[in-house]
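Enquirer: Shown below is the structure under consideration.
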Amino acid sequence: MGREIINVSVGQAGNQIGTAFWANILQEHGLDNSGKAQTDDPRILDKVDVYFSEASNNKYVPRSIQIDLEPGVIDLVRSGPLANLFRPDTFVHGESGAGNNWAKGYYTEGAELMDSILDVMRQQTENTDCLQGFQVLHSLGGGTGSGLGALLLGKIREEYPDRMLATFSIFPSPKVSETVVEPYNAVLSTHNLVENSDITCCIDNEALYNICASDLKIASPQYKDLNGLIAKVMTGFTTTLRFPGVLNSDLRKLAVNMVPFPRLHFFTAGYAPLVASASKSYTASNVHELTAAIFQKRSLLAAIDPSFGKYLTVSVAYRGKLSMRDIENAVWDFHNKNSQHFVPWIPNSSLTTLCTVPPLGQTAAATLVANTTAISEVFKRSHSQFALLFRRKAYTHWYTGEGMDEQEFTEAEANLSDLCIEYDQYANADLDEEEYELEVEETVQQEYYEE
């Protein structure tokens with residue numbers, strides 16, 4: 180039973196989130212830190228081959244590639260708690276780093292590593308029965324995740340044009356900024372994501388800090404806390420892919436249900452319950468409370484307010500011993516009460532699914548995946564920061580010095596502006612003018628996703 184997904188962690192953030200994600204799903208599938216099966220429960224192991232390949236004597240190995248332009252983070256993974264989990268030949272690293280420079284990751288340092296990366300990727304794809312696609316974990320603020328990540332997305336699209344490509348992309352935020360050129364890196368990468376990715380889950384540092392401080396009651400959040408939070412949401416996001424018999428059971432079905440137009444494939448994700456560990460035992464988890472919590476803006480991993488936009492499509496995956504009838508009623512109820520926040524021209528735009536295997540340490544939980552036009556707030560923030568720098572041509576010599584053309588900045592900026600205009604246009608569209616366009620787009624969409 181094929182349909183495998185290969186995980187690709189790029190850069191420091193990508194590898195740290197990847198490690199937290201693998202630690203979570205090992206436990207969910209009853210595997211220890213070296214990948215040995217500790218259970219024979221068919222519910223848990225039935226679709227374990229989506230993310231793991233079975234080696235000898237009941238040991239499972241992640242379908243994963245770890246990439247960085249400097250050895251530091253990779254060495255930490257190799258010597259950490261999951262040291263015996265990954266295949267040694269799936270680590271690819273350079274020596275010098277990208278110095279927070281997108282052009283280094285894309286044109287010089289990253290390009291030198293590309294052949295080695297594609298070799299490892301071919302080995303991993305040859306080890307699958309029927310590959311459904313790739314998931315790439317990276318941040319857009321640094322040099323490796325953004326530059327090498329963008330180059331890699333283009334190469335995957337070239338080599339595997341008919342496979343799905345999903346990304347978990349961390350957008351920088353002006354409030355939590357580490358380097359001055361983050362807006363350049365983010366806009367250049369987003370330009371690439373629009374063209375090459377099929378599904379992008381947008382996560383931003385500002386929202387992560389807010390959740391850690393206000394909901395999880397962590398006084399001064401460290402990257403470890405933020406990565407743990409992202410990994411928890413990724414675990415929820417991938418539930419439908421990893422357990423049998425639920426809706427959106429592979430990436431292509433998720434895209435067909437969630438993406439009305441190929442360019443508008445940027446989602447936000449939310450999770451409930453988000454509570455401090457001390458309060459866990461006092462938190463009730465019934466369907467109505469989970470549904471009310473999941474649609475609040477404070478539960479989302481992007482710092483946006485959905486009430487300023489409109490939902491195009493929504494999918495909520497519940498976990499635990501809950502009733503499907505309650506779930507459908509709760510989401511239907513929310514949809515009806517907030518119908519002004521949903522576009523009128525996509526019928527049945529709210530999907531629900533239930534997985535009876537509860538998440539780790541909780542009796543029940545819900546994960547929201549929403550395609551909302553409010554996501555353009557993230558792009559507008561990046562765009563305004565980018566414009567402030569580019570107006571003065573600040574720091575562009577770092578990029579052009581690596582062989583990049585200044586024209587690329589202008590193209591990326593134009594593409595991002597177009598994307599924001601498209602989101603705004605669909606948020607304000609009425610049923611009449613949309614009907615014709617939708618028919619045309621649906622035909623294009625079907626051709627695009629047909630295998």
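First residue of the sequence shown: 180, per our numbering; consecutive thereafter. Glycine included, every Cβ here is placed at the ideal spot set by N, Cα and C. As the structure is a computational prediction, the values presented were derived from the model and not from experiment.
So, do the stretch 319-326 and the stretch 275-288 have three or more beta carbon pairs nearer to each other than 8 Å?
Expert: Enough Cβ pairs lie closer than 8 Å, so yes.
Enquirer: Checking 8 Å against the spacing of the C-beta atoms, do GLU183 and ARG242 come in under that value?
Expert: As a first step, residue 183 is located in the sequence shown; it is residue number 4 there, counting from the start. As a first step, residue 242 is located in the sequence shown; it is residue number 63 there, counting from the start. Yes.
Enquirer: Below 8 Å on the Cβ atoms is my contact criterion, and I expect ILE506 with LEU533 to pass it. Report the Cβ-Cβ distance as a whole number of Å.
Expert: Taking the first residue of the sequence shown as 1, we reach residue 506 at position 327. Taking the first residue of the sequence shown as 1, we reach residue 533 at position 354. Yes, ILE506 and LEU533 are in contact; Cβ-Cβ is about 6 Å, under 8 Å.
Enquirer: Is it buried or exposed for ALA553, if we count other Cβ within 10 angstroms and need 16 for buried?
Expert: Here the question's residue 553 lines up with position 374 in the sequence shown. It is buried - the Cβ of ALA553 has at least 16 other Cβ atoms within 10 Å.
Enquirer: Report the CB separation of LEU430 from ALA345 in whole angstroms; it is logged as a contact under 8 Å.
Expert: Taking the sequence shown and counting its residues from 1, one reaches residue 430 at position 251. Taking the sequence shown and counting its residues from 1, one reaches residue 345 at position 166. That pair is a contact at about 6 Å.
Enquirer: If you draw a straight line from the alpha carbon of PRO400 to that of ASP609, how long is it in whole angstroms?
Expert: The residue labelled residue 400 in the question sits at position 221 within the sequence shown. The residue labelled residue 609 in the question sits at position 430 within the sequence shown. Straight-line Cα distance between these residues: approximately 43 Å.
Enquirer: So, with DSSP's three-state summary, where would you put SER318?
Expert: By one-based count along the sequence shown, residue 318 stands at place 139. Here SER318 sits in strand by DSSP.
Enquirer: Quick check: what's the CA-CA separation for GLU374 versus SER478?
Expert: The residue given as residue 374 occupies position 195 in the sequence shown. The residue given as residue 478 occupies position 299 in the sequence shown. GLU374 and SER478: Cα-Cα distance of roughly 29 Å.
Enquirer: In this structure, how does DSSP classify HIS208 when only helix, strand and coil are distinguished?
Expert: If you number the sequence shown from 1, residue 208 lands on position 29. Reduced to three states, the DSSP call for HIS208 is coil.
Enquirer: Just to confirm the assignment, what range does the alpha helix (DSSP H) spanning TYR602 have?
Expert: For the purposes of this step, residue 602 is taken as the residue at position 423 of the sequence shown. That run of the alpha helix (DSSP H) goes 585-607.
Enquirer: Who does VAL557 pair with in a DSSP beta bridge?
Expert: By one-based count along the sequence shown, residue 557 stands at place 378. None, per the DSSP bridge assignment.
Enquirer: Between ASN406 and GLN195, is the Cβ-Cβ spacing less than 8 Å?
Expert: Locating residue 406 in the sequence shown gives position 227, counting from the first residue. Locating residue 195 in the sequence shown gives position 16, counting from the first residue. Contact: yes.
Enquirer: So for SER188, helix, strand or coil by DSSP?
Expert: Here residue 188 is taken as the residue at index 9 of the sequence shown, counted from 1. It is a strand residue.
Enquirer: Express the C-alpha separation of PHE416 and VAL510 in angstroms, rounding to a whole number.
Expert: Here residue 510 refers to the residue found at position 331 when the sequence shown is read from its first residue. Here residue 416 refers to the residue found at position 237 when the sequence shown is read from its first residue. Those two C-alpha atoms are separated by around 18 Å.
Enquirer: What separation, rounded to the nearest whole angstrom, lies between the Cα atoms of ILE471 and PHE513?
Expert: Walking along the sequence shown from the start, residue 471 turns up at place 292. Walking along the sequence shown from the start, residue 513 turns up at place 334. A small correction: the amino acid at residue 471 is Ala; Ile does not occupy that position in the sequence shown. Looking at the two C-alpha atoms, the distance is approximately 8 Å.
Enquirer: If you draw a straight line from the alpha carbon of GLU613 to that of ASN186, how long is it in whole angstroms?
Expert: Taking the first residue of the sequence shown as position 1, residue 613 is located at position 434. Taking the first residue of the sequence shown as position 1, residue 186 is located at position 7. Per-residue confidence for GLU613 stands at a pLDDT of 49, beneath the threshold of 50, marking its modelled position as unreliable; no derived number is given.
Enquirer: Starting from ARG498, trace the alpha helix (DSSP H) in both directions and tell me its first and last residue.
Expert: The residue given as residue 498 occupies position 319 in the sequence shown. Counting along the chain, ARG498 falls outside any alpha helix (DSSP H), though it belongs to the beta strand (DSSP E) covering 490-499.
Enquirer: Buried or exposed, going by whether 16 or more other CB atoms sit within 10 Å of the CB of THR379?
Expert: Your numbering for residue 379 matches position 200 in the sequence shown. That one is buried.
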